[in-house]
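Visitor:
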Ligand SMILES: [Zn+2]
């Protein structure tokens, strides 16, 4: 259930309301019913009207992890103070918000999780007294679901994002983790790389740091998530990183817009965290009022630049480098002592003794997976088209269904090695492959689809379709059956076939002899020796390990 709340035309028309959060002195948070009631009368605009006005849209999303619900109460307070004029009285820039920006509020994304309400759902967090649960009623984490889009909640969110097309998409969380002094971290993406938006993202991040500091908060805005490089060890420091499209901010950046991840610090009391979030929302809406038009222009420039993607090198994943500098980080005194409970080291913090940690911050980020975009685009053969079509539509990726096309020059990717993940993750068995694209001629059956790369969401299409991309359909296990052998030769048949093949093919005799001489594993495995012949026999399944995504230089 999504409750888009637009507050652009309601200045002076605010209904009076008081939330459970306020009535309880900041100790409790309300239920779904409260949000539905308070938001009911607010909706004033629709996406079409907003598009016609060419105003920048900012979407504020709370409760993707419903136990981390600070954003919901802060959004309701923001809506009221914008509507009753008290925000403008405090800060003249906030007067501009309602004139310049369309706000879309999603107070609770994970509604089922929110209504799984109880007192002990967030042990690493001080308040509220009762809250919702991290995941959905299908036990799935929505902040891993952007690329694969398995859940009904995500399908609804992707439709909402597509309809409103926010230039800034804000995702409000509360982090778990160590005890330290900073109140929150703010990570904006993109902030580096070739996108025309990167400079805007970096500037927004800096501006957030300045505004939050002026408001009296300790904010982390230096592009790292406050999680130690080595689990539970403050001395290991932090590393800057970019999120892949499974995460909100990585996903929205892949769609040429600004994504912002806000992580409140769990060890601050609830009332304080909501106040921090409200100041965060004030800061980012003020920035949107001042710079939203610039962001929009840069976003549209990024869309246009994407039309030139074909043939260029695209970074699909980055990883931290080795360069680091020393960070002076406000933490607390702590000791790491052997524990008779766990048998491991126990990190014991003393919150009465603030101290500055001098710890490494890895400040280098390197391309990890780089792929040259195809000159035309991708073809998904008919049998798999229906596996991906709905998701491509949700992602706003344009494609076209083809009539039968015989003998098309394509590039195919046959996995030389396919390894399934050792454990189920987010309800899926992931797959990783090795191999490379090679030219081939194939018949495309009617109903195959063509996805051009030269489109605003071309980079997202690559992130979903390139086999080596970390959040590709392949990586999430959509194509696992391609890596299963479904027909095989009985051993006694293979023995006979091998003899016939060897008698007719001198080169094969040489290759077999060489493998026997040089490859001990091969020599010791009767199965591998028979497979050697099976793979070279006419009966071998040519589709075995063939990824059902082809690259083409032009529309077939
Ligand atoms: Zn979270």
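In the numbering used here, the protein residues as written are 224 to 779.
Glycine residues also receive a C-beta, built at the ideal position from the N, C-alpha and C atoms.
Since we're looking at a predicted model, the values are computed, not measured.
Just to confirm before moving on: does the CB-CB distance between residue 756 and residue 721 stay below 8 Å?
Guide: Against the chain shown, residue 756 aligns to sequence position 533. Against the chain shown, residue 721 aligns to sequence position 498. Cβ atoms of residue 756 and residue 721: closer than 8 Å.
Visitor: Could you tell me the distance, in whole angstroms, from the CA atom of residue 227 to the CA atom of residue 569?
Guide: Position 4 of the chain shown holds residue 227. Position 346 of the chain shown holds residue 569. Confidence at residue 227 is low in this model, with a pLDDT of 45, below 50, so the placement of that residue should be treated as unreliable; the coordinate-derived value is given next. Each residue's alpha carbon lies about 45 Å from the other.
Visitor: Can you list the beta strand (DSSP E) stretches of 3 or more residues lying completely in the segment 656-690, in chain order?
Guide: Within the segment 656-690, the complete beta strand (DSSP E) runs of at least 3 residues are 660-667, 672-675.
Visitor: Determine the contact status of residue 667 and residue 627, defining contact as a CB-CB distance below 8 Å.
Guide: Mapped onto the chain shown, residue 667 falls at position 444. Mapped onto the chain shown, residue 627 falls at position 404. Their beta carbons are under 8 Å apart, which means residue 667 touches residue 627 by this criterion.
Visitor: Going by C-alpha distance, which of 263, 379, 285, 458 is nearest residue 559?
Guide: If you number the chain shown from 1, residue 559 lands on position 336. Selected option, being the one with the closest Cα: 458.
Visitor: Based on the DSSP secondary-structure assignment, which residues constitute the bridge partners of residue 553?
Guide: Your numbering for residue 553 matches position 330 in the chain shown. Per DSSP, 579.
Visitor: Ends of the alpha helix (DSSP H) at residue 715?
Guide: Translated into the one-based positions of the chain shown, residue 715 becomes position 492. 714-727 is the extent of the alpha helix (DSSP H) around residue 715.
Visitor: Quick check on residue 488: does DSSP put it in helix, strand or coil?
Guide: Numbered from its first residue, the chain shown carries residue 488 at position 265. In the structure shown, residue 488 sits in a strand (DSSP, three-state: E or B).
Visitor: Between residue 612 and the rest of its own chain, which residues show a CB-CB distance below 7 Å, the 5 nearest in sequence each way excluded?
Guide: As a first step, residue 612 is located in the chain shown; it is residue number 389 there, counting from the start. 672.
Visitor: Sorry if obvious, but does the Cβ on residue 337 come closer than 7 Å to a heavy atom of ligand 1?
Guide: Mapped onto the chain shown, residue 337 falls at position 114. No.
Visitor: What is the DSSP secondary structure of residue 776, counted as helix, strand or coil?
Guide: By one-based count along the chain shown, residue 776 stands at place 553. The answer is coil: DSSP assigns residue 776 none of H, G, I, E or B.
Visitor: Shortest alpha-carbon distance to residue 749 belongs to which of 645, 662, 762, 718?
Guide: On the chain shown, position 526 is the one that residue 749 refers to. Here the closest residue by C-alpha is 718.
Visitor: Listed by chain order, which residues have C-beta atoms less than 5 Å from any heavy atom of ligand 1?
Guide: For ligand 1, the selected residues are 288, 291, 396.
Visitor: Measuring straight from C-alpha to C-alpha, what distance separates residue 393 and residue 735?
Guide: Numbered from its first residue, the chain shown carries residue 393 at position 170. Numbered from its first residue, the chain shown carries residue 735 at position 512. Residue 393 and residue 735: Cα-Cα distance of roughly 60 Å.
Visitor: In the DSSP assignment, what are the bridge partners of residue 329?
Guide: Against the chain shown, residue 329 aligns to sequence position 106. BP columns for residue 329 point to 284.
Visitor: Report all residues from its chain with a CB closer than 6 Å to the CB of residue 425; omit the five preceding and five following residues, and keep chain order.
Guide: One-based indexing of the chain shown puts residue 425 at position 202. Closer than 6 Å at Cβ, skipping near neighbours: 414.
Visitor: Specify the secondary structure class of residue 320 as computed by DSSP and reduced to three states.
Guide: Stepping through the chain shown from its first residue, residue 320 is reached at position 97. In this structure, residue 320 counts as helix in the three-state DSSP scheme.
Visitor: Straight-line CA distance for residue 249 to residue 332?
Guide: Indexing the chain shown from 1 puts residue 249 at position 26. Indexing the chain shown from 1 puts residue 332 at position 109. Taking the straight line joining both Cα atoms gives about 22 Å.
Visitor: Is the CB-CB distance between residue 589 and residue 544 below 8 Å?
Guide: Position 366 of the chain shown, counted from the start, is the residue given in the question as residue 589. Position 321 of the chain shown, counted from the start, is the residue given in the question as residue 544. Closer than 8 Å, so yes.
Visitor: Hey, quick one: how far does the beta strand (DSSP E) through residue 591 stretch, first residue to last?
Guide: Taking the first residue of the chain shown as position 1, residue 591 is located at position 368. Per DSSP, residue 591 belongs to the beta strand (DSSP E) from 588-595.
Visitor: Report buried or exposed for residue 694, applying the criterion of at least 16 other Cβ atoms within 10 angstroms of its Cβ.
Guide: What you label residue 694 is simply residue 471 of the chain shown in a count that begins at 1. By the neighbour-count rule (16 or more Cβ atoms within 10 Å), residue 694 is buried.
Visitor: Pick out the complete alpha helix (DSSP H) segments inside the segment 440-524, 4 residues or longer, and give them in chain order.
Guide: Within the segment 440-524, the complete alpha helix (DSSP H) runs of at least 4 residues are 471-477.
Visitor: Mind checking whether residue 389 and residue 526 have CB atoms under 8 Å apart?
Guide: Numbered from its first residue, the chain shown carries residue 389 at position 166. Numbered from its first residue, the chain shown carries residue 526 at position 303. Not closer than 8 Å, so no.
Visitor: Evaluate residue 647 with the Cβ neighbour count: other Cβ atoms within 10 Å of its Cβ, from every protein chain shown; 16 or more gives buried, anything less gives exposed.
Guide: As a position in the chain shown, residue 647 is number 424, starting the count at 1. Exposed, because fewer than 16 other Cβ atoms sit within 10 Å of the Cβ of residue 647.
Visitor: Around the C-beta of residue 244, are 16 or more other C-beta atoms found within 10 angstroms, so that it is buried, or is it exposed?
Guide: Position 21 of the chain shown, counted from the first residue, corresponds to residue 244. Answer is buried; the Cβ neighbour count reaches 16.
Visitor: Terminal residues of the continuous alpha helix (DSSP H) containing residue 390?
Guide: If you number the chain shown from 1, residue 390 lands on position 167. Neither: residue 390 is in no alpha helix (DSSP H) and is coded neither H nor E.
Visitor: Output the boundary residues of the beta strand (DSSP E) element that contains residue 536.
Guide: Counting from one through the chain shown, the residue named residue 536 turns up at place 313. Start and end: 536-543.
Visitor: Tell me whether residue 622 is buried or exposed, calling it buried when 16 or more other Cβ atoms sit within 10 Å of its Cβ.
Guide: Start at 1 with the first residue of the chain shown, and residue 622 comes out as number 399. Buried, because 16 or more other Cβ atoms sit within 10 Å of the Cβ of residue 622.
Visitor: So, under 8 Å CB-CB, residue 607 and residue 771 are touching, yes? Tell me the CB distance rounded to an integer number of Å.
Guide: As a first step, residue 607 must be located in the chain shown, where it is residue number 384. As a first step, residue 771 must be located in the chain shown, where it is residue number 548. So it is a contact: roughly 4 Å between Cβ atoms.
Visitor: For residue 433, does the three-state DSSP call read helix, strand or coil?
Guide: The sequence position of residue 433 within the chain shown is 210, counting from 1. Looking at residue 433 - three-state DSSP - the assignment turns out to be helix.
Visitor: By Cβ distance, which residues of its chain are closer than 6 Å to residue 681, with the 5 residues on each side in sequence left out?
Guide: By 1-based counting over the chain shown, the position of residue 681 is 458. Contacts found: 529, 532.
Visitor: Applying the 10 Å Cβ sphere with the 16-neighbour rule, what's the burial state of residue 296?
Guide: Residue 296 sits at position 73 when you count from the first residue of the chain shown. The residue in question, residue 296, is buried, as its Cβ has 16 or more Cβ neighbours within 10 Å.
Visitor: Rounded to a whole number of angstroms, what is the C-alpha to C-alpha distance between residue 705 and residue 766?
Guide: Numbered from 1 along the chain shown, position 482 holds the residue referred to as residue 705. Numbered from 1 along the chain shown, position 543 holds the residue referred to as residue 766. When rounded, the distance between both Cα atoms is 7 Å.
Visitor: Who pairs with residue 373 in a beta bridge, going by DSSP?
Guide: Stepping through the chain shown from its first residue, residue 373 is reached at position 150. Per DSSP, none; premise fails for residue 373.
Visitor: Could you check which residue in 460, 725, 776, 599 has the C-alpha nearest to that of residue 752?
Guide: As a first step, residue 752 is located in the chain shown; it is residue number 529 there, counting from the start. Checked all of 460, 725, 776, 599; the closest Cα to residue 752 is 725.
Visitor: Answer with buried or exposed for residue 764, where buried requires no fewer than 16 other C-beta atoms within 10 angstroms of its C-beta.
Guide: In the chain shown, the residue the question calls residue 764 occupies position 541. Under this definition residue 764 is an exposed residue.
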